[in-house]
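Enquirer:
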Amino acid sequence: MNTYKKILVSFVLAAASTSAFAVVNPTYAEVRAAIDNTLAKVEEAKAAMDSGAPKESLVDMITEARQLQKDIANNVLDVKRNQASGVLKQVRVAIEKDDMPAAKESLNNALNRYKEIKQLYADNH
């Protein structure tokens with residue numbers, strides 16, 4: 006039984022280390038599209054907030070923007086992306102607490118951060 010376990014573990018480790026399981030880095034176009042989609046969703050949320058949209062729809066837009074930003078996969082941008090994601094979380098929490106002035110300020114901050122990410126990515130490619 007012990008030999009069987011060793012063989013099984015060896016096989017699993019060998020299979021997991023093959024190139025079939027290697028993570029493929031996203032292309033320039035994929036990262037650029039993820040940045041553009043996230044920025045568009047944040048701008049949409051800002052416009053909706055400015056027009057007095059219901060709280061639930063604002064939370065949905067912020068949540069969707071946080072999901073979209075996960076596709077921004079680039080070593081240079083990871084720290085900035087995580088920081089911007091944290092700001093989007095602050096927006097959602099402020100909306101849920103009905104603190105719209107804080108939500109608006111944080112949303113503007115997030116928008117500026119995603120614009121900075123877009124510019125940083127454009128400068129590096």
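Heads up, the sequence shown is in our numbering, so the first residue is 6 and it goes up one at a time.
All C-beta atoms, glycine included, are put in the ideal place defined by N, C-alpha and C.
1. Closest to I67 by CA distance: which of A38, I100 and A39 is it?
2. Excluding five sequence neighbours on each side, which residues of the same chain lie with their C-beta closer than 7 angstroms to the C-beta of Y33?
3. Which value, in whole angstroms, describes the spacing of the CA atoms of N42 and S22?
4. L82 by DSSP, collapsed to three states: which one?
5. Here's the rule I'm using: 16 or more other beta-carbon atoms within 10 Å means buried, otherwise exposed. How should A108 be labelled?
6. Do you know whose CA, among V14, D103 and A78, lies nearest K123's CA?
Expert: Looking at the coordinates:
1. The residue given as residue 67 occupies position 62 in the sequence shown. With distances taken between Cα atoms, I67 lies closest to I100.
2. Looking up residue 33 in the sequence shown gives position 28. These residues qualify, in order along the chain: H130.
3. For the purposes of this step, residue 42 is taken as the residue at position 37 of the sequence shown. For the purposes of this step, residue 22 is taken as the residue at position 17 of the sequence shown. Each residue's alpha carbon lies about 33 angstroms from the other.
4. As a first step, residue 82 is located in the sequence shown; it is residue number 77 there, counting from the start. If DSSP states are grouped into helix, strand and coil, L82 belongs with coil.
5. Residue numbering aside, residue 108 sits at position 103 when the sequence shown is read from its first letter. Flag for A108 reads buried.
6. Walking along the sequence shown from the start, residue 123 turns up at place 118. It is A78.
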